[in-house]
Every structure is written in structure tokens, then in C-alpha cells.
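J.: Okay, handing you the structure first.
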Amino acid sequence: MQPFVGLPRFDTGKPVVGLWKPVTGMLGAAALALAGGLAVTAPAQAANTITLGAAVQLTGSLANTGRYYRDAYNLAIDQINAKGGVTVAGTKYQLALKILDSQSDVNLGVRQYVQLLTQDKVNFLLGPFSSNDAMDDSSVAEKYQVPMIQGGGASGQIYARGYKYIFGTLPAAGDYFASTIKMMMTLKPAPKTVALIAANDSFDVSVAKGTRELLKKAGLKIVVDEQYPESSSDFSSLLSLTKSKHPDVILWSGHETEALNFIRQAKSLNVNPHLLYSFTVGVPTADFRKALGADANYAFGMTPWLPSPGLKDAWFGDAAQFATLYQTKFGYAPDYHAASAVADVEAFVRAIEAAGSVNPQKVRDAIAKVNFDSLYGHIKFGANGQIVMPQTVIQVQNGELVKVYGTKFYAKPAYPLPPWSKR
Amino acid sequence: MELFSQIIVNGILLGGLYGLMALGMGLVWGVLNIVNLAHGALIMFGAYALYYLFSGLGLDPFVGLPLAMLILFCFGYLLQRGLLNLIVRSALLNTLLITFGLDAVFAHVAQLAFSADFRTINPTYAGNNFQFFGLTIPLARLAAFGVALLLAVLLWLFLGHTRTGRAIRATAQNLTAARLYGVNPRAMYALTFGIGAALAGAAGGLYGIVSQFTPYIGASLTAKSFVIAILGGLDKPLGVIGGGLVLGVAEALTALYLGPTYTDVISFGLLVLILVSRPASVFERA
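Here it is, written out as C-alpha cells:
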């Protein structure tokens, strides 16, 4: 009997109120509240319930990635409750989730996090997607001194402010290209010149900053270093400029829809780097390969996570089992965003159990000390609150995602990249 | 020099599509005095309409385009007849409010119906290009440019040289006189809005061929259309295409010389300049 698995799921786009609590004995009250036209909110102080709150992009331009967080949070909480919930100093607790739709609006998200803490009285905070959001939302956690564990923002800026209540399970944005550059230097012919193209939001600025240093260290020459506005749809000028500089490599950072536009327009303007191109986003997702078809081939990318059975997990068995369960439940495959989100929930459970309390300060100190294996990888936060994890280099080869390089080569990269006319 | 010419060509090809986006907005603004803030959402619907004709029925996008326009025409006609007619020629604020609301409703309905997944209309030839005096010309963009130009010319001929077109212009210029001559303004308004929506549908379809789209592309496209409609003049179809070209080339050159992050500064800077120097072109109609 898994009492929580079968509950109705939140549909995208509806305002969501917390319902994740034991239903027994509540039906009458809920019916009364509904009859009176009142919204049903989960009182966080209800006996033996720990409520996690989050404001996630369920609608708006980031909804496509926001859904990973909504679905992964729900799945993780269902699974943990089904396996007995959380034990705090000998007492069994169930987890509940209160999730609000931030509509891809950073300012709304901040107000919702304040609401979660002041009105809804949730116990702890889970994060939104994207560095811009995590950056601002984490200030709410800090102000109210309630810990937030977020798996959606990788920018180093989030952790550079000396905050004590923010923890994150995405590795530092500045190092996203580290393994790619390391791999590049071992390939023949070796690249010499690089075009670095990044969007102007918090995550991509951090990527570009870190990558510039890595490239300098590797002795590579940057021939194009351009920033473009977030949510650009036209890259033709940037592509023509890049073409005129004949780079060996294009390293590109931005959002997934922009990556699609970039690649499609690169093809239509016949722009090729001589040796390879790599993208911080898109490559790991099935949508990316579906949208581009054969044009997705040869694109390199990176991921901190792949659904491998080697990643053992106390609640899901292992990462492969998690991926299967997720796929059957939600009808699409999880990527590292989803795995990272599950790890956030699990880190809370570990920390709460270790603290033996739901006191925010005690749990905060316990989070700083968590040290466990999850389906996402080994979870241990650095002194600034951010996890340290290597990025595995991946590539689309013949429509399939191939794990290429980590500390060593796992598969032969398709290299150098053939020009569009020869594909 | 080659880079410069390539950038100009990129800008012109993009500008044609921009012009088409603004064409419907300018027409509706000029005739109905509605600044349609849901125009971008209509463009988005056009993209989805063509997407389903392409992926569901397997129609070539350029064959499906007239069908997508027809669907949007019907939608626009009914929308005007059923709802917008209530606020036609009313205070500007009312039209802004109702179309702003429609924009939000359309985007959310689209997310419910089509999901937030991005889509793309990707026929096999979408990435093709050819060389022309050392310049790379993307085929799909050239075709989109051609369609935009063709539709602008057709609209110009329609407004200037057909009885119905003249009736539409008469309604815009002098409602009382038009009525005295037997023009039924209600029919003209619905027809005009339908045509505006059909043009948005065409722009959306072409946008979907050169770019990917989600339910949320509308707002930024409305803003762009607004700038272009003002640049080009409201009821002059060829002027609007001209406005699109100016904006396309200006953005392309900005991206090259100042950096892509400055393109919005330039396009909205242009808007401010025009509002300051030729306020009549905007407010006389309002």
C-alpha cells in the first residue's frame, strides 16, 4: 500500500495549493472549506507533517524546464513517504509539498517565497529553476534564516555572498566547460582558437567568466567573445561574425530554446567551427534531439548526471530505476535537473534525521554536514554551500546520447565535426 | 566587407519577417483604433496552426501557410464580432486592457492545449542555403521574406484598388460618411480584424520555420510589431514592410558593432526617437 503515490497530480498552469498531507479525517474538513469557497492550504504545523515549499516556473517561458522540478519534488516526496517518511527523534513524520507557480517571473517568485514562509509557514525551502531565480529567492531564505536547498541554479554568484542558508546541488557554472576543455586538449588535431558565446543572465555570465580563465590556462586563443541577450531568437549577426573569424571551437552557453535556434541558424548560414562545438544546455534532453533531428548530431554538451545503475539510492534503488519510474509516471525522461531536484529533497531528509529536529538553524547545520550517496551522486556541500561535482562530456552521435569523457574516454568522440555540406 | 554585406543581407531577410509581423497590427490599429496587445499571441497561434498542419497532416509548410491564415482569419473574425466589437473606437485604455487580458489568456490556453514544450516547423530544406556572390543566403529565410513582401503588396492592392478595401479605408477615415455611403462598419471591422489575424498567422507560420516557438513568444513579438508599425506608418502596408527592414538592418548592425545585447536598446531607442520627433504619426490616430 502506497497511500501517496496515487494522489492526483498538479496540472501545469493551475494555481496550486498544498494538498500533500494525510487525507484520512480531512475529507470532511476539505469539503467544508471548499463549500465555503475557501482555498485549502496545508497547515504546516499539522501533526507529524514536514512541509517543503517552493515557487517553481510552472508556466511562462521557463515552464519547459520548471516541470522537472515540480515532477521530481512530487515523486521524491511520494517515494520517501511510501518508504516510511522521515524519523525525527523517534517520531515518524510525513513530508508534504507546497508548490507555487512563479510564472517565470523572478520578482513574483521572491514574493511567493516570502508568502511560503510568512503565511503558509512551510518548514523548509526547495529551490526554483535557473540561476537568476535562485539568486534572488535565496535572499528570502537568508533573511528568514530558513535553509533552502536548490538544484536549479549553478551560478557562482549565488554562493559568493557569504549566505549561510543556501545550499545547491548543481556544480559551479564556471566549471561547466572544464572537462570539455580538458578533453579537447587530448584530441588530434588539437584546437587553437575558440569562439565563446554566452547569454547575459546570471548562469551564463558565470559560465563565460569561468571558461575564459580555463581557456587562458589551456593556452587557447579566444577569437570571438560575445554576449547576447537572454531569450534572443535571432543569431544571424553573431553567426556571421563567428564565421568570419574561423574558430576551431565554439563554446556556447544559454538556454535550451536559444541553443536550438543557434544550431538551426548555424546550418542555414553554413557556419561551422573547424573541430567541435559544445553547448551548456540542451544536449542531455530528449526534446533537443527530437527538435533538431539529424542536425543534433556532433553537438557536445555536459551533464553532472546520467541515469546509471551504479548510482545507488536509499529510496529509489538506483538512478536507472528512478529514471524508469519517472518516465512511466510523467511520460518524459528525467535529465540532471530532475535528479538534482530529488537530491535536494533527500538532503533535507538526511539533515532533518541527523539533526533530530525541525528547527531551521539545527537543520541548517546538519545540511552543511550531510554526506551520502544518492541517485544523483555523492552529496556533500562545500564551505560556500555549493556541491562539487565533475561534468561528464556527452555528445549526440547518430541521434543517440553518448557518454564520451570524464576522467577518461568512455567512447570515441565524433571528431572533428564535418561541415554541414558533408553531413 | 564581405562580413558587412552578409550582415546587411541577414538584416534585410529578418526585416521582411518583422514587417509581416507588424502588418496586421498596423492595419487593425489604423482602422479599428485598437492597439492589439494580443497580436503576438495571434502570431503564436499561427505558428501552432502551421505546426499541426505540417506535423499532423504532413503538409509542406509553404502549402499549409494559406490554410493557417484561413484558420486565423476565422478566429480573428469571430473574436472581433463576439468580443472586440464592444470596445471598438472606445478609449485607448479600454482596448489596451482587454487585449492585454486576451494576451495572457491566449498564452495560458496555448500552454494547456499545446504544453510548454518548444516546437519547430522543420521541413528537410529548412537549413538549406546557397551562395550568391560570396554571401550565404538561407533558403527558408529568403522564402519567408518573399512571402512577406507578396502579402504586403496584396494588402496594398486590396486596400487601394478593391471596393471592400476602399470601404475599409473609408471606415477608418470618416465613419459617418462611410455609413452614409452604405458601408456597414461592423462587417468592415470584423473583416479587417480577420485580415489582421490572418497576416499574424502567416507571420507566425514563417516564424516557426526560421525559429522555434513556445506559448510565450507573444509578448516580445507584440513589442517588436508595435515599434515597426509606428516606424512604418499604420495603414501603409509597404511602409510597414519598410519599417521592418529598417529595424532588421539596425538590429543586425547593432549586433555586429555594439554587441547583441544592445539590439533592444536600439529598437526601442528608435521608438523613442520617433515618438519625440513625429508624435503625430502615433497619437493622431489614438
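Chains A and B, in that order, give the protein sequences. Number 75 in numbering that gives the first Met the number 0 belongs to position 76 of the first sequence; there are no gaps in the numbering. Number 263 in numbering that gives the first Met the number 0 belongs to position 264 of the second sequence; there are no gaps in the numbering. The beta carbon of each residue, even a glycine, is placed where N, CA and C say it ideally should be.
Gly14 of chain B and Gly247 of chain B look like a contact to me (Cβ under 8 Å); what is the Cβ gap, rounded to whole Å?
T.: Sure, about 2 Å apart at Cβ, within 8 Å.
J.: When you compare the CB of Ser210 of chain B with every CB in chain A, is at least one pair closer than 8 Å?
T.: Judged by the 8 Å Cβ criterion, Ser210 of chain B is in contact with chain A.
J.: Output the distance between the C-alpha atoms of Leu2 of chain B and Asn122 of chain A, rounded to the nearest integer angstrom.
T.: Leu2 of chain B and Asn122 of chain A: Cα-Cα distance of roughly 57 Å.
J.: Taking a Cβ distance cut-off of 7 Å, strictly less, list which residues of the segment 257-289 of chain A are near chain B, in chain order.
T.: Taking 7 Å as the Cβ-Cβ cut-off against chain B, the residues of the segment 257-289 of chain A that qualify are Leu259, Asn260, Arg263, Lys266, Ser267, Leu268, Asn269 and Asp286.
J.: Tell me where the alpha helix (DSSP H) around Trp28 of chain B begins and ends.
T.: First-last of the alpha helix (DSSP H) with Trp28 of chain B: Glu1 to Leu31.
J.: What three-state label does DSSP hand Leu257 of chain B in the structure shown?
T.: Three-state DSSP puts Leu257 of chain B in coil, outside helix and strand.
J.: My output table needs one value for Ser178 of chain A: the three-state DSSP class, helix, strand or coil.
T.: Helix.
J.: On a CA-only basis, which of A:Tyr112, A:Asp119 and A:Gly398 is nearest Glu141 of chain A? Give me that one, please.
T.: When only C-alpha atoms are compared, the closest one is A:Tyr112.
J.: Any chance you could list the alpha helix (DSSP H) runs of at least 4 consecutive residues sitting entirely within the segment 74-120 of chain A, in chain order?
T.: Runs of the alpha helix (DSSP H) inside the segment 74-120 of chain A: 105-117.
J.: Closer than 7 Å by beta-carbon distance: list the chain A residues that pair up with Tyr215 of chain B, in chain order.
T.: Near Tyr215 of chain B (Cβ distances below 7 Å), the residues of chain A are Gly59 and Ser60.
J.: At a Cβ threshold of 8 Å, is Ile6 of chain B touching chain A?
T.: Closer than 8 Å to some Cβ of chain A, the Cβ of Ile6 of chain B qualifies, so yes.
J.: Mind listing the chain B neighbours of Gly253 of chain A? Cutoff is C-beta to C-beta under 8 Å, in chain order.
T.: Result: empty, since nearest Cβ-Cβ is about 11 Å, beyond 8 Å.
J.: I want to know whether the segment 56-65 of chain B touches the segment 261-274 of chain B - three or more CB-CB distances under 8 Å.
T.: With the cut-off at 8 Å, the segment 56-65 of chain B and the segment 261-274 of chain B do not touch.
J.: Hey, does Ser201 of chain A have any beta-carbon neighbour from chain B nearer than 8 Å?
T.: Not one chain B Cβ lies under 8 Å of Ser201 of chain A.
J.: Can you give, in chain order, each stretch of the beta strand (DSSP E) that sits fully within the segment 240-326 of chain A and has at least 3 residues?
T.: Within the segment 240-326 of chain A, the complete beta strand (DSSP E) runs of at least 3 residues are 248-252, 275-278 and 299-302.
J.: For a quick check, are the C-beta atoms of Phe117 of chain B and Leu291 of chain A less than 8 Å apart?
T.: It is not a contact, given that the beta carbons lie outside the stated cut-off.
J.: Measure the CB-CB distance between Gly218 of chain A and Leu124 of chain A and report whether it falls below 8 Å.
T.: For Gly218 of chain A and Leu124 of chain A, no; Cβs fall outside 8 Å.
J.: I need the boundaries of the beta strand (DSSP E) containing Ile136 of chain B, first residue and last residue.
T.: Looking at the DSSP string, the run of the beta strand (DSSP E) that includes Ile136 of chain B is Leu134 to Pro137.
J.: Should Ala88 of chain A and Thr48 of chain A be called a contact, given that it needs their Cβ atoms to be closer than 8 Å?
T.: No, these two residues do not count as a Cβ contact at 8 Å.
J.: Which parts of the segment 31-107 of chain B are runs of the alpha helix (DSSP H), unbroken and 4 residues or longer, counting only runs that do not cross its ends?
T.: As far as the segment 31-107 of chain B is concerned, its whole alpha helix (DSSP H) runs of at least 4 residues are 38-54 and 60-81.
J.: Per DSSP, what are the beta-bridge partners of Ala194 of chain A in this structure?
T.: According to DSSP, which records beta bridges pairwise, Ala194 of chain A is partnered with A:Val223 and A:Ile249.
J.: Thinking Tyr227 of chain A and Leu214 of chain A are a contact (beta carbons under 8 Å), I'd like their distance in whole angstroms, please.
T.: With 8 Å as the limit, Tyr227 of chain A and Leu214 of chain A do not qualify as a contact, their Cβ atoms being about 19 Å apart.
J.: Which bits of chain B does Asn47 of chain A rub up against, with CB to CB less than 8 Å?
T.: The contacting residues do not exist; Asn47 of chain A stays about 36 Å from chain B at best.
J.: Output needed for Ala199 of chain B: all residues of its chain with C-beta closer than 7 Å, excluding positions within five of it in sequence on either side, in chain order.
T.: So the qualifying residues of the chain are Gly23, His38, Leu41, Ile42, Gly45 and Leu71.
J.: Keeping to the same chain, check which residues put their C-beta closer than 6 Å to that of Pro190 of chain A; ignore five residues upstream and five downstream.
T.: Result list for Pro190 of chain A: Met183, Asp247, Val248 and Leu274, in chain order.
J.: Is the CB of Pro333 of chain A under 8 Å away from at least one CB in chain B?
T.: By this cut-off, Pro333 of chain A is not an interface position.
J.: Roughly how many angstroms lie between the CA atoms of Val139 of chain A and Ile386 of chain A, to the nearest whole one?
T.: C-alpha separation (whole angstroms): 21 Å.
J.: For the alpha helix (DSSP H) that contains Gln172 of chain B, what are its first and last residues?
T.: That run of the alpha helix (DSSP H) goes Arg162 to Gln172.
J.: What residues of chain B sit near Glu399 of chain A, judged by a beta carbon separation below 7 Å?
T.: Near Glu399 of chain A there are no residues of chain B at all, since even the closest Cβ is about 19 Å away, more than 7 Å.
J.: Closer than 8 Å by beta-carbon distance: list the chain B residues that pair up with Gly292 of chain A, in chain order.
T.: Chain B residues near Gly292 of chain A: Asn121.
J.: Going by C-alpha distance, which of B:Tyr51, B:Leu230, B:Lys223 and B:Phe105 is nearest Asp263 of chain B?
T.: Asp263 of chain B has its Cα closest to that of B:Lys223, out of B:Tyr51, B:Leu230, B:Lys223 and B:Phe105.
J.: Looking only at DSSP bridge pairs, what is Tyr404 of chain A linked to?
T.: Looking at the DSSP assignment, Tyr404 of chain A forms a beta bridge with A:Val392 and A:Phe408.
J.: Could you tell me whether the Cβ of Arg88 of chain B comes closer than 8 Å to any Cβ of chain A?
T.: Not one chain A Cβ lies under 8 Å of Arg88 of chain B.
J.: On a CA-only basis, which of B:Val108, B:Ile120 and B:Asn93 is nearest Gly55 of chain B? Give me that one, please.
T.: Checked all of B:Val108, B:Ile120 and B:Asn93; the closest Cα to Gly55 of chain B is B:Ile120.
J.: Let's test the definition: count the other Cβ atoms within 10 Å of the Cβ of Arg69 of chain A and tell me whether it reaches 16, buried, or not, exposed.
T.: Per the 10 Å Cβ criterion, buried.
J.: State yes or no: is the beta carbon of Asn128 of chain B nearer than 8 Å to at least one beta carbon in chain A?
T.: Cβ-Cβ to chain A under 8 Å: yes for Asn128 of chain B.
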